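**Q** Could you have a look at this structure, given as structure tokens, before my questions?
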Amino acid sequence: GESVGLHLPTLSVQEGDNSIINCAYSNSASDYFIWYKQESGKGPQFIIDIRSNMDKRQGQRVTVLLNKTVKHLSLQIAATQPGDSAVYFCAENIGQAGTALIFGKGTTLSVSS
Amino acid sequence: DAGVIQSPRHEVTEMGQEVTLRCKPISGHDYLFWYRQTMMRGLELLIYFNNNVPIDDSGMPEDRFSAKMPNASFSTLKIQPSEPRDSAVYFCASARGSSYEQYFGPGTRLTVT
Numbered sequence: 002g003e004s005v006g007l008h009l010p011t012l013s014v015q016e017g018d019n020s021i022i023n024c025a026y027s028n029s030a031s032d033y034f035i036w037y038k039q040e041s042g043k044g045p046q047f048i049i050d051i052r053s054n055m056d057k058r059q060g061q062r063v064t065v066l067l068n069k070t071v072k073h074l075s076l077q078i079a080a081t082q083p084g085d086s087a088v089y090f091c092a093e094n095i096g097q098a099g100t101a102l103i104f105g106k107g108t109t110l111s112v113s114s
Numbered sequence: 598d599a600g601v602i603q604s605p606r607h608e609v610t611e612m613g614q615e616v617t618l619r620c621k622p623i624s625g626h627d628y629l630f631w632y633r634q635t636m637m638r639g640l641e642l643l644i645y646f647n648n649n650v651p652i653d654d655s656g657m658p659e660d661r662f663s664a665k666m667p668n669a670s671f672s673t674l675k676i677q678p679s680e681p682r683d684s685a686v687y688f689c690a691s692a693r694g695s696s697y698e699q700y701f702g703p704g705t706r707l708t709v710t
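Structure follows, in structure tokens:
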């Protein structure tokens with residue numbers, strides 16, 4: 002079946018380093034992708050999104066890259082801080098806005114000082 | 598805005614008992630989603646509503662699960678009878694139809710013993 006998955010379940014980095022979290026998706030019809038951050042005991046929180054007609058989008062300290070050829074999505078976090086420690090999920094949508102997202106399993110990012 | 602509100606935050610019940618989880622979406626949002634999160638299966642969509650009407654309930658595990666949305670500001674997810682394998686964190690999320698971004702509540706941690 003269609004799925005969204007992560008290459009690595011955990012990632013440990015030092016404070017100040019850049020972090021890269023990867024995600025593979027299998028549905029070539031997906032036209033919208035979102036990265037969510039989930040801190041312990043909280044619900045997922047939106048970080049950044051990208052449409053399939055783009056290959057890069059930048060936010061504050063975060064960049065999402067989309068490679069449709071190999072169905073790969075990545076989230077880059079610049080100058081990682083301890084507050085960035087969380088589980089990161091990629092999600093895809095193949096329908097119109099307001100319809101269901103399909104979430105990957107998540108990658109746990111641990112930032113040490 | 599207070600964001601998506603869920604209650605209770607924690608629920609511990611015995612197998613066979615009825616459990617009702619509650620959600621108040623963000624005012625003005627016309628989509629409401631119920632998700633379940635476990636370590637094994639990650640974040641799974643159970644059901645979602647548009648303008649209080651259920652659109653897709655294919656993720657509901659079985660007949661023991663039911664969801665209602667009697668008005669635009671309230672939804673319930675009921676499990677009757679509950680089983681230990683229902684133990685999970687249940688999230689409610691809402692969205693405005695013109696946006697893909699879903700706003701998640703803090704979740705309800707359900708433990709069935």
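Listed in order, the protein sequences are those of chains G and V.
Just so we're aligned, residue 2 is where the first sequence starts under our numbering, counting upward by one.
Just so we're aligned, residue 598 is where the second sequence starts under our numbering, counting upward by one.
A virtual CB, placed ideally from N, CA and C, is assigned to each residue, including glycine.
Keep in mind the model is a prediction, meaning the values are calculated, not measured.
Against V/Phe688, what residues of chain G qualify as contacts under a CB-to-CB distance less than 8 Å, listed in chain order?
**A** As a first step, residue 688 of chain V is located in the second sequence; it is residue number 91 there, counting from the start. Near V/Phe688 (Cβ distances below 8 Å), the residues of chain G are Gly44, Pro45.
**Q** Cα separation between V/Pro667 and G/Val71?
**A** On the second sequence, position 70 is the one that residue 667 of chain V refers to. On the first sequence, position 70 is the one that residue 71 of chain G refers to. Looking at the two C-alpha atoms, the distance is approximately 44 Å.
**Q** So, under 8 Å CB-CB, G/Leu74 and G/Val65 are touching, yes? Tell me the CB distance rounded to an integer number of Å.
**A** Within the first sequence, residue 74 of chain G is the residue found at index 73, counting from 1. Within the first sequence, residue 65 of chain G is the residue found at index 64, counting from 1. Going by Cβ atoms, the distance from G/Leu74 to G/Val65 rounds to 7 Å, so yes, they are a contact pair.
**Q** Going by DSSP, what residues sit across from V/Gly639 in a beta bridge?
**A** Sequence index remark: in the second sequence, residue 639 of chain V carries index 42 (1-based). Beta-bridge pairing links V/Gly639 to V/Thr635.
**Q** I think V/Pro761 touches V/Gly613, with their Cβ atoms under 8 Å apart; what is that distance to the nearest whole Å?
**A** What is shown of chain V runs 598 to 710, which leaves residue 761 of chain V out entirely.
**Q** Provide the residue span of the beta strand (DSSP E) that contains V/Tyr697, from first to last.
**A** Here residue 697 of chain V refers to the residue found at position 100 of the second sequence. Unbroken run through V/Tyr697: none, as it is neither H nor E.
**Q** Could you tell me whether the segment 13 to 32 of chain G touches the segment 687 to 705 of chain V, using the rule of 3 or more Cβ pairs below 8 Å?
**A** no
**Q** With a threshold of 16 other CB atoms inside 10 Å of the CB of V/Pro658, please say whether the residue is buried or exposed.
**A** Working through the second sequence from its first residue, we reach residue 658 of chain V at position 61. With fewer than 16 Cβ atoms within 10 Å of its Cβ, V/Pro658 is classed as exposed.
**Q** Distance, Cα to Cα, G/Ser27 vs V/Tyr700?
**A** As a first step, residue 27 of chain G is located in the first sequence; it is residue number 26 there, counting from the start. As a first step, residue 700 of chain V is located in the second sequence; it is residue number 103 there, counting from the start. Approximately 25 Å between the Cα atoms of the pair.
**Q** Since V/Tyr628 contacts V/Leu643 with CB under 8 Å, what's their CB separation in whole angstroms?
**A** As a working mapping, residue 628 of chain V is identified with position 31 in the second sequence. As a working mapping, residue 643 of chain V is identified with position 46 in the second sequence. V/Tyr628 to V/Leu643, Cβ: 14 Å. No contact.
**Q** If you compare alpha carbons, which of G/Tyr37, G/Asp50, G/Ser114 is closest to G/Gly124?
**A** Residue coverage of chain G in this structure runs from 2 to 114, which leaves residue 124 of chain G outside it and unanswerable.
**Q** What three-state label does DSSP hand G/Pro10 in the structure shown?
**A** Sequence index remark: in the first sequence, residue 10 of chain G carries index 9 (1-based). Coil.
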